[in-house]
Amino acid sequence: MALLLLTAAAFPQNLSALSVDHRLRPESAQECALVADLCAALGIPHATLAVDVAPGNLQANARSARYAAMAQWMAEKGLRDLATAHHADDQAETLLMRLNRGSGVAGLAGIRRASLREDGLPVGAMRVVRPLLGWRKSELGVLCESAGIETAHDPSNRDAAYDRVRLREALGQAAWLDPAALAISARHLGEADEALEWATTQEWDAQVVAGENALSYRPAAPRAVRMRVLARAVAHLAGADRATPRGGELAQFLDRLESGEGGNIGGVLIKVADGVWTMGAEPQRRV
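Residue numbers (the numbering used here): 24 to 310.
Here's what the structure looks like:
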């Protein structure tokens, strides 16, 4: 609701609003109706999309269904920019969760201020912007309250079965931790991630030689850059149909390469000789 109020004030003539009803709770339709009523009062076009969420990891599956539905709706309307209401408290929780999982710089950068999602769009990527990352949740609540806007509260945000909820409760009990400062740290890590991506491109252009369905690479950069070159090479050779290995798997395989051993990762066969990695797609197995 706070995002709607702020964007309506900033872009009154260039705004459409969209609610997604996951139909996981009896109250969800009424909550979407609250948004529709506010949009009607503000003169903003609004639509509600109902989605089916696959069983299993409900939070992840709901997110996938939500973004796929929004991407399709936006493509039909000729829209490319989607604003979401992630705030500084969300960012702090994300940073702490990923610290606890041993994430690298890219993961610790947390929620980006802007990012691209494909989501099956027929005409390029959807740009997702998150203009509220500098706001605390409490500040957004005060904004809605002062405007006399009724807000809804998802009970799953208090369900201790979820890691994020347990961390949120722990963060609330640790008065010495400042979510706003944690969010700033995530932004700095995002800048570091951008620098590493730039360095990876420089290393790739200078040290990677492309052949016919193969790459050769003579590493000349620090380990963090070498690992990103490895990930980029695997993604390049394996094709879009295969998921690129990440994190610990990449790090362990990089250890092998740096000790002079070769092997297979993500459908790519890599050999090491005289300090050069020779990489090619793994031959298809005969049936």
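Beta carbons: idealized from backbone N, C-alpha and C, even for Gly.
Nearest-angstrom beta carbon gap, residue j and residue i [assumed within contact, 8 Å]
| i | j | result |
| --- | --- | --- |
| Arg48 | Glu116 | Not confirmed; about 21 Å, so no contact. |
| Ile134 | Asp113 | 6 Å |
| Ala197 | Arg189 | The pair is not a contact, with the Cβ atoms about 13 Å apart (cut-off 8 Å). |
| Cys167 | Met24 | 5 Å |
| Leu131 | Leu118 | 6 Å |
| Leu273 | Ala254 | 6 Å |
| Leu212 | Ala247 | Their Cβ separation, rounded to whole angstroms, is 13 Å, which puts Leu212 and Ala247 out of contact at 8 Å. |
| Leu57 | Leu27 | Not quite, the Cβ-Cβ distance comes to about 10 Å (not below 8 Å), so this is no contact. |
Which of helix, strand or coil DSSP assigns to residue i
| i | result |
| --- | --- |
| Ala132 | coil |
| His69 | strand |
| Ala137 | strand |
| Met93 | helix |
| Ala253 | It should be noted that the sequence gives Leu, not Ala, for residue 253. Of the three classes helix, strand and coil, the one that applies to Leu253 here is helix, per DSSP. |
| His57 | Here residue 57 is Leu; the residue named in the question, His, does not match the sequence. If DSSP states are grouped into helix, strand and coil, Leu57 belongs with the helices. |
| Leu156 | coil |
| Gly101 | coil |
| Asp177 | coil |
| Gly171 | coil |
| Val146 | Confidence is the limiting factor: at Val146 the pLDDT is only 49, short of 50, which leaves the residue's position unreliable, though a coordinate-based value still follows. Val146 falls in the coil class under three-state DSSP. |
| Ser51 | helix |
| Gly127 | coil |
| Ala83 | helix |
| Ala233 | strand |
Own chain, CB closer than 7 Å to residue i, minus 5 neighbours either side, in chain order
| i | result |
| --- | --- |
| Ala203 | Ala111, Arg159 |
| Arg124 | none |
| Leu156 | His109, His110, Ala111, Gln114, Ile134, Arg136, Ala206 |
| Val146 | Bear in mind that a pLDDT of 49 at Val146, under 50, signals an unreliable position, so the number given afterwards is only what the model happens to contain. Correct list, in chain order: Ala98. |
| Arg46 | Ala73 |
| Trp199 | none |
| Gly323 | With the chain running from 24 to 310 in the structure shown, residue 323 is simply not present. |
Cβ-based neighbour list, residue i, same chain, cut-off 6 Å, excluding 5 preceding and 5 following
| i | result |
| --- | --- |
| Arg249 | Pro242 |
| Val231 | Leu238, Tyr240 |
| Arg187 | Glu116 |
| Leu65 | Ala31 |
| Ala129 | Asp216 |
| Ala88 | Val74, Val76 |
| Ala85 | His45, Val76 |
| Arg251 | Thr223 |
| Glu54 | Ala175 |
| Ile293 | Gly285, Trp300, Met302 |
Start-to-end residues for the alpha helix (DSSP H) that takes in residue i
| i | result |
| --- | --- |
| Leu27 | 25-33 |
| Ala218 | 202-230 |
| Val76 | Neither: Val76 is in no alpha helix (DSSP H) and is coded neither H nor E. |
| Asp186 | 186-196 |
Close Cβ partners of residue i (< 8 Å) along its chain, the five nearest in sequence each way excluded
| i | result |
| --- | --- |
| Ala63 | His69 |
| His259 | Leu238 |
| Thr30 | Leu38, Ala106, Pro154 |
| Arg121 | Gly130, Leu131, Gly133 |
| Glu50 | Ala175 |
| Val291 | Ala256, Val257, Leu260, Ala261, Met302, Gly303, Ala304, Glu305 |
Span of the beta strand (DSSP E), counted from its first residue to its last, around residue i
| i | result |
| --- | --- |
| Ala115 | Element bounds for Ala115: not the beta strand (DSSP E) but the alpha helix (DSSP H), 111-123. |
| Ala304 | 299-304 |
| Arg150 | 149-152 |
| Ala106 | 104-106 |
| Ala40 | 40-44 |
| Ala244 | It is not in any beta strand (DSSP E) - Ala244 carries neither H nor E in the DSSP assignment. |
Residue i: CB within 7 Å of a non-hydrogen atom of the ligand NAD
| i | result |
| --- | --- |
| Leu102 | Inclusion of the ligand NAD in the displayed structure is not the case, the ligand content being empty and no account of it being possible. |
Cutoff 8 Å: residue i Cβ touching any chain C Cβ
| i | result |
| --- | --- |
| Thr71 | In the structure shown, chain C cannot be found, because there is only a single protein chain. |
Starting from the N-terminal side, write out each stretch of the alpha helix (DSSP H) that is 4 residues or longer and does not extend beyond the region 257-297.
-> 270-281
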